[in-house]
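What follows is a single structure, written as structure tokens, with notes after it.
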Amino acid sequence: MTPRRLPILAALLLLAGCQPSASEGVRQLRPDTFQISRAGADSLSLRFGVREQADHFCEARKLHAMPVDTDYSESFFQMTFRCLDSGDPEFGGRGPDSAPAARHKFGGTTLRY
Numbered sequence: 000m001t002p003r004r005l006p007i008l009a010a011l012l013l014l015a016g017c018q019p020s021a022s023e024g025v026r027q028l029r030p031d032t033f034q035i036s037r038a039g040a041d042s043l044s045l046r047f048g049v050r051e052q053a054d055h056f057c058e059a060r061k062l063h064a065m066p067v068d069t070d071y072s073e074s075f076f077q078m079t080f081r082c083l084d085s086g087d088p089e090f091g092g093r094g095p096d097s098a099p100a101a102r103h104k105f106g107g108t109t110l111r112y
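Numbered according to numbering that gives the first Met the number 0, the sequence shown spans residues 0 to 112.
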């Protein structure tokens, strides 16, 4: 390896170490129920980042993420989710965003659908 490539390799290794793992920041609430919270400047990016992390977390266990509860503001997003098998009657083969018991909170108001 030439000396010119060494700094590039070191930078790539450093960046690879900065990527959060699927389980980093995931709290287990019950055997199949977990929670992820993030704070930042862009609520849309937070939402997609948390959802993607939940999907990866459950996929690593050969399961599917099903949101149960969310709480968010302009700079905070928290999602409680379950990791379920696609054959689980509670998952019901629906898309992961169509959980019947999902609750969403915004600014102290809880929406339940």
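Glycine included, C-beta positions come from ideal geometry on N, C-alpha and C.
{"query": "Nearest-angstrom Cα separation, counted from Pro66 out to Arg81", "result": "6 Å"}
{"query": "Close-in-space but distant-in-sequence residues of the same chain around Thr79 (CB under 8 Å, 5 per side omitted)", "result": "Leu28, Thr32, Phe33, Gln34, Pro66, Val67, Asp68, Thr69"}
{"query": "Counted within 10 angstroms of its Cβ, other Cβ atoms place Ala59 as buried (16 or more) or exposed", "result": "exposed"}
{"query": "Option in Phe75, Glu73, Gln52, Pro30 with minimal Cα separation from Ala64", "result": "Gln52"}
{"query": "Option in Tyr71, Glu89, Phe90 with minimal Cα separation from Ser44", "result": "Tyr71"}
{"query": "Outcome for Arg37 when other beta-carbon atoms lying within 10 angstroms are tallied against a minimum of 16", "result": "buried"}
{"query": "Coil, strand or helix - Arg46 by DSSP", "result": "helix"}
{"query": "Same chain, Cβ closer than 7 Å to Arg26, five either side skipped, listed in chain order", "result": "Phe33, Gln34"}
{"query": "Alpha-carbon spacing of Asp54 relative to Arg46, whole angstroms", "result": "12 Å"}
{"query": "Sequence-distant residues of its chain with Cβ nearer than 6 Å to Phe75 (five each side left out)", "result": "Ala38"}
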